[in-house]
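Only one structure is covered here, and it is reproduced in the block below.
There are 2 protein chains.
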Amino acid sequence: MPDDRSTRDRLLDAFERLLVSAGSRAATLDAVAAEAGVSKGGLLYHFPSKEALIDGMVERLREQGARDVEKMRAAPQGPVDFYLETSIDTGSDFDRALIAATRLAQEQVQAARAALSDIRDAWFAVLREHVGDEALARTIQLIGDGLYFDDTSGFRDESALQHVKDVLGRLSS
Amino acid sequence: MPDDRSTRDRLLDAFERLLVSAGSRAATLDAVAAEAGVSKGGLLYHFPSKEALIDGMVERLREQGARDVEKMRAAPQGPVDFYLETSIDTGSDFDRALIAATRLAQEQVQAARAALSDIRDAWFAVLREHVGDEALARTIQLIGDGLYFDDTSGFRDESALQHVKDVLGRLSS
DNA sequence: GTCTATATTCTGATAGAC
DNA sequence: GTCTATCAGAATATAGAC
Chain A
1 MPDDRSTRDR LLDAFERLLV SAGSRAATLD AVAAEAGVSK GGLLYHFPSK
51 EALIDGMVER LREQGARDVE KMRAAPQGPV DFYLETSIDT GSDFDRALIA
101 ATRLAQEQVQ AARAALSDIR DAWFAVLREH VGDEALARTI QLIGDGLYFD
151 DTSGFRDESA LQHVKDVLGR LSS
Chain B
174 MPDDRSTRDR LLDAFERLLV SAGSRAATLD AVAAEAGVSK GGLLYHFPSK
224 EALIDGMVER LREQGARDVE KMRAAPQGPV DFYLETSIDT GSDFDRALIA
274 ATRLAQEQVQ AARAALSDIR DAWFAVLREH VGDEALARTI QLIGDGLYFD
324 DTSGFRDESA LQHVKDVLGR LSS
């Protein structure tokens with residue numbers, strides 16, 4: 001069995017990059033192939049249809065999501081700070097995949113929506129367990145969603161994270 | 174000068190509805206015309222290009238945004254509760270326009286992005302003035318963004334707003 | 001595994017009748 | 001103001017050479 005992981009992953013990377021930087025209308029098969037440095041025919045060998053490309057991306061996202069939840073659970077700074085700090089785009093592969101999936105979810109791609117929903121449920125379970133308070137856990141998740149939304153919509157505010165930590169600190173005192 | 178406001182607005186409504194319910198890829202001129210109950214030629218009489226349709230939508234959004242900020246300022250429950258309560262999709266025309274513009278902003282439509290940015294700045298100014306604390310004002314805006322993001326991404330949580338009000342109440346006591 | 005050429009359908013836009 | 005007919009180019013997908 002030949003190892004074709006490399007080209008496959010480069011194609012998924014290119015698809016995600018285009019979704020993130022230019023949106024779903026710009027992420028055409030032509031554009032993805034060009035971004036990955038292969039021909040359209042080359043792309044269609046690995047992913048026989050656009051749906052297959054999407055499915056491949058979502059499958060990889062689920063794996064990355066499972067790893068992220070483990071990192072969150074074991075984070076030295078604790079799950080809450082880890083969650084908030086990684087709600088801003090850190091430039092990681094996982095962030096890119098997450099933002100790309102959000103673009104697809106807004107175009108009603110159900111596989112993307114379901115994967116995001118599952119990852120969010122896993123995050124919430126860790127937050128809920130750690131802070132021991134449902135209302136606070138939900139609020140923290142909402143703040144993370146807000147950070148994420150702003151960051152991925154071009155409304156980035158450098159001081160946002162510090163402000164949030166400040167306010168959350170007042171609750172503990 | 175003939176009054177063509179009615180068909181014009183119906184076209185903009187249809188465009189927004191499609192953006193919200195199906196995403197930007199589905200909001201084609203064909204689909205918008207069909208949704209508004211006119212032919213493509215009819216649409217192109219009012220908006221000679223897709224860019225003109227977008228510009229028309231964004232212009233209307235700015236007017237709605239200015240009215241919303243006034244309502245927020247004068248709200249009986251205060252600006253904070255008004256802001257949080259209307260961060261969830263209330264089904265209003267303004268909510269629809271806002272969500273539609275977010276879809277366009279994520280496809281790098283700069284006019285949509287700029288209008289959203291301006292409206293957000295106006296909201297923040299009212300929050301900032303009312304709570305008198307920058308960190309708290311930013312955190313409230315982030316929570317609103319989180320509510321909005323969840324709601325428009327299909328991650329709606331019925332109890333989210335109550336949880337937020339609960340947690341914010343602890344800060345005042 | 002990757003490429004070029006081609007087929008098909010969709011999308012934005014124009015022209016001109018009514 | 002609204003419609004139908006039509007066009008050029010883009011988007012997804014297939015076929016077959018290398």
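In order, the protein sequences belong to chains A and B.
Using our numbering, the first residue of the first sequence is number 1, and each one after it goes up by one.
Using our numbering, the first residue of the second sequence is number 174, and each one after it goes up by one.
No residue lacks a Cβ here, since even glycine has one placed at the ideal position from N, Cα and C.
These figures come from a predicted structure and were not determined experimentally.
Minimum Cβ-Cβ distance from residue i to chain B less than 8 Å
i: V126/A; result: no
i: S172/A; result: no
i: T7/A; result: no
i: I143/A; result: yes
i: R120/A; result: yes
i: R17/A; result: no
i: A22/A; result: yes
i: A160/A; result: yes
i: S153/A; result: yes
i: A14/A; result: no
Contact set between residue i and chain B, taken where Cβ atoms lie within less than 8 Å
i: F149/A; result: D318, G319, Y321 and F322
is_contact[residue i, chain A] using C-beta, thresh 8 Å
i: H303/B; result: no
i: V337/B; result: yes
i: T263/B; result: no
i: D176/B; result: Interpretation of D176/B is limited by its pLDDT of 45, a score under 50 that renders its predicted location unreliable; the figure taken from the coordinates is listed afterwards. No - not a single Cβ of chain A is within 8 Å of the one on D176/B.
i: M330/B; result: For the sequence presented, residue 330/B should be read as Asp rather than Met. Yes, D330/B lies at the interface with chain A (some Cβ there is under 8 Å from its Cβ).
i: R198/B; result: yes
i: S290/B; result: yes
Under 8 Å by beta carbon: chain A residues contacting residue i
i: V347/B; result: Residue coverage of chain B in this structure runs from 174 to 346, which leaves residue 347/B outside it and unanswerable.
i: G215/B; result: Residues of chain A passing the Cβ test: none, with the nearest at roughly 24 Å.
Residue i: first and last residue of the uninterrupted alpha helix (DSSP H) it sits in
i: D151/A; result: E134 to S153
i: V282/B; result: Careful: V282/B lies outside any alpha helix (DSSP H) and carries neither H nor E.
i: A200/B; result: A200/B -> no alpha helix (DSSP H), and no H or E assigned at all.
i: V80/A; result: P79 to E85
i: T7/A; result: R5 to A22
i: E243/B; result: K223 to A247
i: R329/B; result: Note, R329/B: premise wrong, no alpha helix (DSSP H); not H, not E.
i: G215/B; result: K213 to H219
Within chain A, partners of residue i - CB distance below 9 Å
i: R183/B; result: Ordered by position in chain A, no residue passes the 9 Å Cβ test against R183/B, which lies about 23 Å from the chain.
Neighbour list for residue i in chain B, Cβ cutoff strictly below 7 Å
i: R113/A; result: G327
Residue i: CB within 7 Å of a non-hydrogen atom of the ligand MG
i: L147/A; result: Summarising the ligand content, the structure contains no ligands, and the ligand MG is consequently not present.
Exercise for the section: Give the residues from the stretch 44 to 65 of chain A that approach chain B closer than 9 Å (Cβ to any Cβ), ordered along the chain. Expected result: none
Problem - Within 8 Å of chain A by C-beta, residues of the stretch 249 to 283 of chain B in sequence order - result: T275, R276, A278, Q279, E280 and Q281
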